[in-house]
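Below is one structure, written out as structure tokens, with a few remarks after it.
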Ligand SMILES: Nc1ncnc2c1ncn2[C@@H]1O[C@H](COP(=O)(O)OP(=O)(O)OP(=O)(O)O)[C@@H](O)[C@H]1O
Ligand SMILES: [Mg+2]
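Protein chains in written order, with the numbering used here: chain A, 490 to 854; chain B, 91 to 356.
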């Protein structure tokens with residue numbers, strides 16, 4: 490019930506944001522929503538199953554290209570493919586966005602199944618290597634499938650996502666921001682329920698002790714594969730949105746750096762906490778954008794700093810190291826937000842030593 | 091007919107023969123002991139029965155009582171080399187010598203997780219929270235609470251399992267095994283690290299759960315008083331070889347056993 494109210498409030502806030510924010514702010518908002526989807530997808534595998542997957546960029550590329558290829562109008566495609574004409578079976582497609590996004594997720598999930606099925610049987614360390622390799626292979630394949638993906642030229646001029654809701658009388662169209670945030674909220678609800686349900690408990694058991702989990706009758710391999718495929722689906726969906734708000738997709742976008750950004754968010758948020766993932770997705774995305782000035786030239790008082798491209802990433806890598814050293818379990822660790830916690834918050838602040846100390850100070854004055 | 095039988099079960103690790111031609115059988119509602127000096131191969135035997143290792147040679151046969159045409163018959167099934175999770179589903183549960191609880195999870199969660207294997211709902215219904223799933227989940231929690239009451243851990247249900255005192259952790263591990271609804275229970279040194287009073291209590295506890303849950307129990311234990319007090323039959327391993335088999339009285343007076351334990355040279 491409280492959750493439903495909260496969703497309505499968030500919905501209204503987003504609606505207002507949509508009306509009053511400028512394009513730049515809206516872009517940050519949209520990116521935050523996308524990174525929520527991506528970070529929760531990664532937390533499911535890396536946080537709840539305790540596996541280490543580094544393949545997100547690959548799954549995202551699959552989702553992004555699927556939507557770009559299926560929804561770009563034939564005319565625009567013709568203009569893109571001037572080196573090699575596009576394959577005939579893609580030339581005339583013009584799907585609507587919803588099925589294209591879902592298909593992007595499903596294809597990413599299938600890819601997840603195909604790497605997961607052999608690799609998840611092996612020792613856990615292999616997963617990081619295999620997924621890293623997979624993401625790179627996807628990128629190279631997409632670079633070389635000239636007549637399908639337009640190779641390294643990529644696809645430009647993608648139409649912005651919008652989904653028509655054809656209700657009688659009050660039919661309306663959801664714009665890009667609305668689609669992103671609805672997807673983000675669905676992802677949050679999905680993950681919260683999955684993780685709190687019996688299957689989620691089994692995932693946690695696997696993280697805690699695989700041998701004991703297997704002895705409790707949990708088919709460890711099957712459960713790992715299930716979570717991996719689900720996470721791949723959401724990575725595909727997140728990728729579809731990311732490609733879309735960039736307005737262009739090309740293989741360079743899906744380098745390891747993209748996965749690294751998500752790792753950063755997940756580590757910052759606390760690797761086993763969905764709440765941490767959501768908060769970190771918003772904070773880090775906003776910070777990444779706000780610190781963009783680091784990459785260009787700026788004045789620091791009397792000193793003029795000439796732009797060092799990549800300085801932003803240096804700052805963030807340092808941040809990551811600091812977190813790992815001083816707060817190795819992220820800002821949330823494995824703690825989660827709950828309404829119970831919020832309701833008891835005023836009481837617990839009063840009882841905390843922090844509150845008491847403050848009181849004592851006041852008295853001594 | 092026995093519920094569980096091994097036929098020449100053997101495990102080699104490279105040149106080491108950890109278990110050699112082991113033939114044990116466990117009948118309904120028996121409590122059987124498996125003893126032997128350190129490194130005798132007892133845990134390895136458990137690991138083969140529970141599916142962690144596939145025996146190099148030999149077979150593991152599970153007998154199951156089924157009612158066919160009004161008569162109870164024992165149906166045999168070869169479970170050699172099956173996955174541990176599949177074996178647990180068939181009704182063999184175990185505990186570990188070095189306690190393997192889900193440390194960061196609560197006492198209650200540890201037990202609830204052990205119900206997962208009997209959940210007949212797919213993951214989609216757990217996300218959608220279908221009425222059927224919700225009902226099953228509630229039942230899982232109720233059953234787990236009832237089990238915790240029975241083993242005397244109900245008050246600690248929200249504690250992280252690693253924070254329990256050692257004896258309680260052992261008890262929780264047994265409770266967790268019971269939650270999988272086994273017919274056969276394998277206990278690997280349940281009294282390790284316990285003081286005499288605690289292990290006395292444990293002995294009564296094991297007898298109690300055997301009756302209450304209709305179990306047959308195979309137990310590894312170094313604590314002789316416990317083994318002699320509760321086991322109906324005992325197998326003695328030394329360097330992987332079965333050197334004796336019999337009731338507690340026979341075992342205590344078997345010269346081979348005394349030699350193995352006291353390390354008498356000839
Ligand atoms: N995975 C393994 N790889 C190689 N050797 C092993 C393995 N597991 C056990 N062994 C060896 O098999 C022998 C029997 O070990 P096991 O753990 O079964 O003994 P145990 O009877 O349970 O002893 P303890 O009383 O100390 O628990 C030992 O020599 C051990 O080193
Ligand atoms: Mg042992």
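Cβ coordinates follow ideal geometry from the N, Cα and C atoms, glycine included.
Note that the structure is a prediction, hence the values are computed from the model and not measured.
Residue burial annotation: residue 557 (chain A) is buried, with at least 16 other C-beta atoms found within 10 angstroms of its C-beta. Going by beta carbons, residue 177 (chain B) and residue 141 (chain B) fall inside the 8 Å limit. Straight across, the Cα-Cα distance linking residue 264 (chain B) with residue 185 (chain B) is about 6 Å. By the Cβ test, the stretch 657-670 of chain A is not in contact with the stretch 770-777 of chain A, since fewer than three Cβ pairs between them sit closer than 8 Å. For a Cβ distance threshold of 8 Å, residue set 679, 682, 683 and 686 of chain A lies close to residue 217 (chain B), ordered along the chain.
Going by C-alpha positions, residue 751 (chain A) is about 18 Å away from residue 733 (chain A). Flagged as an interface residue toward chain B: residue 707 (chain A), by a C-beta distance shorter than 8 Å. The residue from B:182, B:229 and B:287 with its alpha-carbon nearest to that of residue 93 (chain B) is B:182.
Placement of the Cβ of residue 514 (chain A) at a distance of 7 Å or more from every heavy atom of ligand 1 is found. A Cβ-Cβ contact shorter than 8 Å links residue 673 (chain A) with residue 522 (chain A).
For the pair residue 818 (chain A) and residue 728 (chain A), the CB atoms are not nearer than the 8 Å cut-off.
Apart from sequence neighbours up to five positions away, the residues of its chain that approach residue 753 (chain A) with a beta-carbon distance below 7 Å are 773, 805 and 809, ordered along the chain. Within chain A, the residues placing a beta-carbon under 7 Å from that of residue 174 (chain B) are 703 and 704, ordered along the chain. Distances from the alpha-carbon of residue 269 (chain B) to those of B:288, B:321, B:320 and B:305 put B:305 closest. A residue is called buried when at least 16 other Cβ atoms come within 10 angstroms of its Cβ; residue 638 (chain A) meets this threshold and is buried. For residue 107 (chain B) and residue 143 (chain B), the gap between their C-alpha atoms comes out near 14 Å. Proximity of residue 277 (chain B) to chain A, defined by a Cβ-Cβ separation below 8 Å, is not satisfied. Residue range 286-302 is occupied by the alpha helix (DSSP H) that includes residue 295 (chain B).
For residue 184 (chain B), the nearest CB of chain A lies under 8 Å from its own CB, placing it at the interface with that chain.
Beta-bridge partners of residue 567 (chain A) (DSSP): none assigned. The residue from B:223, B:197 and B:190 with its alpha-carbon nearest to that of residue 208 (chain B) is B:223.
Here residue 530 (chain A) has 720, 723 and 724 as same chain residues with Cβ atoms under 6 Å from its own Cβ, once five neighbours each way along the sequence are excluded.
One alpha carbon belongs to residue 133 (chain B), the other to residue 96 (chain B), and they sit about 15 Å apart.
Between residue 703 (chain A) and residue 145 (chain B), the C-beta spacing is not below 8 Å. Residue 258 (chain B) sits away from residue 244 (chain B), with the two beta carbons spaced by 8 Å or more. Against chain A, the CB of residue 300 (chain B) has no partner CB under 8 Å away; the residue lies outside that interface.
Each of B:262, B:155, B:189 and B:200 was checked against the Cα of residue 690 (chain A), and the nearest Cα belongs to B:200. With 7 Å as the limit, the residues whose C-beta approaches any heavy atom of ligand 2 more closely are B:132, B:133, B:187, B:278, B:279 and B:310, in sequence along the chain. In this structure, DSSP gives residue 508 (chain A) a helical state, which the three-state scheme calls helix. Between ligand 1 and residue 148 (chain B), a heavy atom-to-CB distance of less than 7 Å is absent. Residue pairing of residue 737 (chain A) in beta bridges, as defined by DSSP: A:645. Between residue 260 (chain B) and residue 189 (chain B) a beta carbon distance of about 7 Å is seen, short of the 8 Å cut, so the two are scored as contacting.
For the pair residue 551 (chain A) and residue 593 (chain A), the CB atoms are nearer than the 8 Å cut-off.
At a Cβ-Cβ threshold of 8 Å, residue 226 (chain B) and residue 238 (chain B) do not count as neighbours.
With a threshold of 8 Å between beta carbons, residue 125 (chain B) makes no contact with chain A. Contacts with chain B at 8 Å (Cβ-Cβ) do not include residue 825 (chain A).
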